[in-house]
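Participant: Structure incoming, see below.
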Amino acid sequence: MTVLITGAAGFIGYHLSQRLLHEGTSVVGFDNLNPYYDPSLKRARLARLQSTAERTGTPFQLIQADLEDRAAVESAFSKHRPSQVVNLAAQAGVRYSIENPSVYIQANLVGFGHILEGCRHHAVEHLVYASSSSVYGGNTQLPFSEHHSVDHPVSLYAATKKANELMAHTYSHLYGLPATGLRFFTVYGPWGRPDMALFLFTKAILEGRPIQVFNNGQMTRDFTYVDDIIESLIRLLYKPAASDPALDPANPDPASSWAPHRVFNIGNSNPTPLMAYIEAVEKALGSCAEKQFLPMQPGDVPATAADTSALEAWVGFKPNTPVKEGVARFVAWYREFYGA
Numbered sequence: 002m003t004v005l006i007t008g009a010a011g012f013i014g015y016h017l018s019q020r021l022l023h024e025g026t027s028v029v030g031f032d033n034l035n036p037y038y039d040p041s042l043k044r045a046r047l048a049r050l051q052s053t054a055e056r057t058g059t060p061f062q063l064i065q066a067d068l069e070d071r072a073a074v075e076s077a078f079s080k081h082r083p084s085q086v087v088n089l090a091a092q093a094g095v096r097y098s099i100e101n102p103s104v105y106i107q108a109n110l111v112g113f114g115h116i117l118e119g120c121r122h123h124a125v126e127h128l129v130y131a132s133s134s135s136v137y138g139g140n141t142q143l144p145f146s147e148h149h150s151v152d153h154p155v156s157l158y159a160a161t162k163k164a165n166e167l168m169a170h171t172y173s174h175l176y177g178l179p180a181t182g183l184r185f186f187t188v189y190g191p192w193g194r195p196d197m198a199l200f201l202f203t204k205a206i207l208e209g210r211p212i213q214v215f216n217n218g219q220m221t222r223d224f225t226y227v228d229d230i231i232e233s234l235i236r237l238l239y240k241p242a243a244s245d246p247a248l249d250p251a252n253p254d255p256a257s258s259w260a261p262h263r264v265f266n267i268g269n270s271n272p273t274p275l276m277a278y279i280e281a282v283e284k285a286l287g288s289c290a291e292k293q294f295l296p297m298q299p300g301d302v303p304a305t306a307a308d309t310s311a312l313e314a315w316v317g318f319k320p321n322t323p324v325k326e327g328v329a330r331f332v333a334w335y336r337e338f339y340g341a
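Heads up, the final residue of the sequence shown is numbered 341 in my numbering, and it's a clean run with no missing numbers.
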């Protein structure tokens with residue numbers, strides 16, 4: 002079996018690739034190593050993946066190209082014939098989407114279209130793709146459920162992720178492609194992204210600089226540890242979406258479909274106030290942060306919380322790593338990796 006993982010040099014893609022290689026599954030990675038954040042971190046992840054592949058004797062190959070490059074995507078499918086595809090490549094970041102909208106349209110819409118075409122024409126057994134909790138947009142009913150409407154995005158990033166869900170559903174309906182969308186809730190952990198809060202907080206505190214605390218600290222997030230994300234993803238990968246014959250077309254449920262397409266929340270189901278999250282960072286570092294309180298950023302929402310009952314019912318797993326434990330693991334990794 003060969004799994005094609007786009008965004009293999011990214012945060013979640015790296016961890017998923019490691020897990021699959023350890024399990025003896027061949028991985029073809031696809032990543033453009035763009036400079037949205039420090040490419041040296043991405044290269045360090047790739048070096049570890051190559052080391053794992055050599056140690057386990059499991060094939061790993063990286064294709065360095067853009068998803069927008071249709072020929073490169075088609076070549077990856079035709080040459081490697083993946084049985085499953087996990088699409089994690091995307092232009093990330095809510096705030097960055099406001100400054101650079103065209104990048105999101107190309108990578109998240111055009112690029113995803115090329116992935117769908119590759120799956121369609123090469124008999125892929127299951128497409129798993131990254132969506133985001135941001136699709137819930139301006140919803141205030143918590144916890145967020147897959148049964149809720151997601152028609153009111155508040156950032157272009159969120160809009161592209163909802164568009165991905167609609168595009169995947171259409172291909173599932175037209176071509177019978179089993180597809181599963183994963184609405185990730187604020188993923189954190191070792192080898193994380195430098196633009197995320199935990200990375201920014203840790204770096205600033207160690208360097209003696211103030212941390213920026215938006216909405217004056219009045220925010221809550223369903224922080225989800227990366228190992229829980231990977232366990233959920235692996236279980237879903239091997240249990241393809243199926244059609245729901247009980248769906249009522251006169252009153253369709255957003256969480257279900259007559260097509261073999263599903264979406265799942267992947268969150269810790271334990272929303273944590275931002276100030277408590279910062280306290281966990283301070284405790285792990287043994288140092289107090291100087292805080293610069295700022296207003297809410299455009300495109301942000303005050304709170305997220307995941308209802309993961311559908312995930313638990315489908316694959317028998319529920320993310321459960323406590324925030325204090327996960328933050329401590331990240332800080333230990335950060336100190337080792339950067340010699341801090």
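Note that beta-carbon positions come from the ideal geometry of N, C-alpha and C, so glycine has one too.
Quick check on the burial criterion: 16 or more other C-beta atoms within 10 angstroms. Buried or exposed for C120?
Facilitator: Here the question's residue 120 lines up with position 119 in the sequence shown. Answer is buried; the Cβ neighbour count reaches 16.
Participant: So, for P261: in the same chain, excluding its five sequence neighbours on each side, which residues have a beta-carbon less than 8 Å away from its beta-carbon?
Facilitator: Taking the first residue of the sequence shown as 1, we reach residue 261 at position 260. Contacts found: S173, G177, L178, P179, A180, P241, A242, A243, S244.
Participant: Counting only runs of 4+ residues fully inside the segment 290-318, write out the alpha helix (DSSP H) ranges in chain order.
Facilitator: As far as the segment 290-318 is concerned, its whole alpha helix (DSSP H) runs of at least 4 residues are 310-316.
Participant: Starting from the C-beta of D39, find all residues in its chain whose C-beta is less than 8 Å away, skip the five residues before and the five after it, and write them out in chain order.
Facilitator: For the purposes of this step, residue 39 is identified with residue 38 of the sequence shown, where counting begins at 1. P195.
Participant: Using C-beta distances below 6 Å, list every residue in its chain close to V214, excluding the 5 sequence neighbours before and after it, in chain order.
Facilitator: Against the sequence shown, residue 214 aligns to sequence position 213. Closer than 6 Å at the Cβ level, and outside the excluded window around V214, lie K292, F294.
Participant: With distance defined between alpha-carbon atoms, name the residue in M220, A251, T203 nearest to F338.
Facilitator: Sequence index remark: in the sequence shown, residue 338 carries index 337 (1-based). When each option's Cα is compared against that of F338, the closest is T203.
Participant: Of all the options P250, F265, I267, which has the alpha carbon lying nearest to the alpha carbon of W259?
Facilitator: On the sequence shown, position 258 is the one that residue 259 refers to. For W259, the nearest C-alpha among the options comes from P250.
Participant: Is the beta carbon of N88 less than 8 Å from the beta carbon of S132?
Facilitator: Your numbering for residue 88 matches position 87 in the sequence shown. Your numbering for residue 132 matches position 131 in the sequence shown. Not a contact, by the Cβ cut-off of 8 Å.
Participant: Using the rule of at least 16 other Cβ atoms within 10 Å of the residue's Cβ for burial, across every protein chain shown, is Q92 buried or exposed?
Facilitator: By 1-based counting over the sequence shown, the position of residue 92 is 91. So Q92 ends up on the buried side.
Participant: Would you say T171 and R82 are within 8 Å of each other, going by their C-beta atoms?
Facilitator: Here residue 171 refers to the residue found at position 170 of the sequence shown. Here residue 82 refers to the residue found at position 81 of the sequence shown. Against a cut-off of 8 Å, the Cβ pair of R82 and T171 comes out as no contact.
Participant: What residues in its chain sit with their C-beta under 6 Å from that of W334, if we drop five residues either side in the sequence?
Facilitator: In the sequence shown, the residue the question calls residue 334 occupies position 333. Counting only Cβ-Cβ distances below 6 Å, and skipping sequence neighbours, we find P191.
Participant: Out of curiosity, what's the CA-to-CA distance linking D67 and Y189?
Facilitator: Position 66 of the sequence shown, counted from the start, is the residue given in the question as residue 67. Position 188 of the sequence shown, counted from the start, is the residue given in the question as residue 189. Rounded to the nearest angstrom, the two C-alpha atoms are 25 Å apart.
Participant: One question on the structure: do V95 and S150 come within less than 8 Å of each other, judged by their Cβ atoms?
Facilitator: The count along the sequence shown starts at 1 and reaches residue 95 at position 94. The count along the sequence shown starts at 1 and reaches residue 150 at position 149. It is not a contact, given that the beta carbons lie outside the stated cut-off.
Participant: Comparing alpha-carbon positions, which option in K319, G14, S84 lies nearest S233?
Facilitator: For this step, residue 233 is matched to residue 232 along the sequence shown. Ranking the options by Cα distance to S233, first place goes to K319.
Participant: Leaving aside the five residues before and after R236 along the sequence, list all residues of the same chain whose C-beta is less than 7 Å from its C-beta, in chain order.
Facilitator: One-based indexing of the sequence shown puts residue 236 at position 235. So the list reads V316, F318, once near-sequence residues are dropped.
Participant: Taking the straight line between their C-alpha atoms, what separation do you get for Y37 and R44?
Facilitator: As a first step, residue 37 is located in the sequence shown; it is residue number 36 there, counting from the start. As a first step, residue 44 is located in the sequence shown; it is residue number 43 there, counting from the start. Their Cα atoms are separated by approximately 14 Å.
Participant: Would you grab the beta carbon distance between T26 and T187 for me? Rounded to a whole angstrom, and I think it's under 8 Å.
Facilitator: In the sequence shown, counting from the first residue as 1, residue 26 sits at position 25. In the sequence shown, counting from the first residue as 1, residue 187 sits at position 186. Not really, about 27 Å apart at Cβ, beyond 8 Å.
Participant: On the criterion of 16 or more Cβ atoms from any shown chain inside 10 Å, does M297 qualify as buried, or is it exposed?
Facilitator: Here residue 297 is taken as the residue at index 296 of the sequence shown, counted from 1. So M297 counts as exposed.
Participant: Excluding sequence positions up to five away, which residues of its chain have a Cβ less than 8 Å from the Cβ of E313?
Facilitator: Reading the sequence shown from its first residue, position 312 is the one you call residue 313. Hits under 8 Å: K319.
Participant: Would you identify the three-state DSSP class for R210, choosing helix, strand or coil?
Facilitator: For the purposes of this step, residue 210 is taken as residue 209 along the sequence shown, with counting starting at 1. In the structure shown, R210 sits in coil (DSSP, three-state: anything other than H, G, I, E or B).
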